[in-house]
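Before any comments, here is the structure.
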Amino acid sequence: MSSAQALATRPIAIEIHALLRELDPARWRADAQDALGKKIENIEARLVALRTALEPMGATSDETLVRLRERLKELTDLVRGHLAEARLRADHGREEWMAFRARLTPAYEQLALVLRAEAVHVPSLRPTNYKRNLMHVSFGFLAFAVVQVLPGPAWIVALAGAFFAYAWTVEVARRRNPEFNARVMAMYGPVAHAHEWHRVNSATWYATALFLLSLTGSLVVCSIAVLVLGVGDPVAALVGRRWGRTKLINGRSLEGSLAFVAVATGITGLMLAGFRADVGVGLGFAVAAIAGLSGAIAELVSRRIDDNFTIPLASGLAAWAALTLLT
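Here this note's numbering = 1-based position in the sequence shown + 113.
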């Protein structure tokens with residue numbers, strides 16, 4: 114019974130996710146407040162209807178159903194509280210909207226956790242986080258620099274392997290020890306997404322992709338992969354949230370994807386031209402374009418798999434294939 118109720122809850126979860134995307138700091142607009150208010154009223158009505166539909170079941174020993182009811186009640190209370198506050202305050206502006214978003218985000222993630230336990234997929238939240246964007250870019254250039262000074266392919270395998278082993282060791286420890294998980298997430302809190310409290314961290318997926326790419330034995334391939342992810346992904350997110358109007362799939366936009374390809378191609382091509390004497394300028398930009406396009410496609414189609422895994426793997430393997438065919 115709980116699986117059926119979880120599936121019935123998915124549409125309202127998707128609607129709340131869409132609302133939170135509109136409330137993202139990079140998207141929020143003062144002239145959209147009336148429309149947002151109507152959406153919240155609609156969400157409240159749907160939450161009430163869904164909870165009413167669950168009431169005839171009465172008391173239950175189904176733990177999932179109990180948790181689902183609790184999450185729906187929490188969301189209903191939050192939405193009602195915001196609507197009541199908005200009616201009382203004439204100066205209900207950006208600060209109040211962002212405070213509502215901060216309260217609604219963890220409540221949505223808790224609902225998503227219940228639904229995923231029943232194999233009902235709902236999207237994770239990836240709100241604008243400028244610290245995370247900066248870390249992405251910085252780590253991309255740092256990783257590129259490290260690869261350039263390594264004596265040979267065996268070193269990149271050893272280094273990537275150590276990173277891979279460390280990341281998965283931490284993941285296993287986080288699952289077995291909630292207190293350790295809380296300490297780890299507190300340490301990475303400023304750059305972590307909310308869903309990473311309960312799921313494999315994006316950095317772990319990144320470490321996995323880098324280790325697999327290191328097995329190609331190509332320093333050039335690894336150089337390209339870390340740059341494409343490092344600059345393409347954050348630029349796509351920033352452009353997509355701020356200016357994305359043409360919707361594609363999985364929450365991505367045409368504007369964000371084009372920005373990904375353009376920036377990843379330009380930066381990667383320039384870095385190859387400046388630091389890889391074994392790759393000609395023309396070849397470097399051609400391979401960078403292929404890798405950038407492949408990374409953007411990987412980001413576009415990534416739904417249940419973390420794009421910190423799919424982007425470097427797709428761009429790196431595309432670069433490896435291109436270099437093999439063109440040289």
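Ideal Cβ placement from N, Cα and C applies to all residues, glycine included.
Nearest-angstrom Cβ-Cβ length linking residue i and residue j, presumed shorter than 8 angstroms
| i | j | result |
| --- | --- | --- |
| Gly405 | Thr378 | 4 angstroms |
| Ile410 | Ala435 | 14 angstroms between Cβ atoms; not a contact. |
| Leu136 | Arg214 | 4 angstroms |
| Ala280 | Ala230 | With 8 angstroms as the limit, Ala280 and Ala230 do not qualify as a contact, their Cβ atoms being about 24 angstroms apart. |
| Val99 | Ala432 | Residue 99 is absent from the structure shown; the chain starts at 114 and stops at 440. |
| Leu445 | Ile153 | There is no way to answer for residue 445, as the model of the chain reaches only from 114 to 440. |
| Arg355 | Ala148 | The Cβ separation is near 18 angstroms, so there is no contact. |
| Val235 | Ala126 | 5 angstroms |
| Ala401 | Thr381 | 4 angstroms |
| Glu367 | Ala399 | Here residue 367 is Leu; the residue named in the question, Glu, does not match the sequence. Going by Cβ atoms, the distance from Leu367 to Ala399 rounds to 23 angstroms, so no, they are not a contact pair. |
| Tyr221 | Leu133 | 6 angstroms |
| Val297 | Arg287 | 6 angstroms |
| Ala199 | Gly253 | At roughly 42 angstroms, the Cβ-Cβ gap does not stay under 8 angstroms, so Ala199 and Gly253 are not in contact. |
Residue i, DSSP secondary structure in three states
| i | result |
| --- | --- |
| Leu438 | helix |
| Ser442 | Look at the range of the chain in this structure, 114 to 440, and you will see that residue 442 is not part of it. |
| Trp433 | helix |
| Ser415 | coil |
| Ser331 | coil |
| Ala320 | helix |
| Pro347 | helix |
| Glu128 | helix |
Under 8 angstroms between C-beta atoms of residue i and residue j
| i | j | result |
| --- | --- | --- |
| Asp346 | Asp391 | no |
| Ile156 | Glu187 | no |
| Leu217 | Leu191 | yes |
| Leu426 | Leu325 | yes |
| Ala350 | Gly369 | yes |
| Leu413 | Ile362 | yes |
| Arg164 | Leu185 | yes |
| Trp310 | Arg207 | no |
| Ser237 | Ile337 | no |
| Leu385 | Gly395 | no |
| Gly408 | Val339 | no |
| His306 | Arg239 | yes |
| Leu323 | Phe276 | yes |
| Val233 | Arg123 | yes |
Minimum Cβ-Cβ distance from residue i to chain D less than 8 angstroms
| i | result |
| --- | --- |
| Ala162 | In summary, chain D is missing from the structure at hand, where a single protein chain is found. |
Proximity test, residue i beta-carbon vs the ligand HEM heavy atom, cut-off 7 angstroms
| i | result |
| --- | --- |
| Leu149 | Only the bare structure without any ligand can be found here, which leaves the ligand HEM out of the picture. |
Inset, instruction - Report yes or no: do three or more beta-carbon pairs, one from the segment 117 to 133 and one from the segment 173 to 184, lie closer than 8 angstroms? - result: yes
Legend entry - Entirely enclosed alpha helix (DSSP H) segments - the segment 131 to 214, minimum 4 residues: 146 to 167, 176 to 201
Legend entry - Within the segment 211 to 293, ranges of the alpha helix (DSSP H) (whole runs, at least 4 residues): 243 to 262, 266 to 289
Inset, instruction - Would you check if the segment 314 to 331 and the segment 270 to 290 touch, i.e. whether three or more CB-CB distances between them fall below 8 angstroms? - result: yes
Legend entry - Three CB pairs or more closer than 8 angstroms across the segment 366 to 382 and the segment 335 to 346: yes
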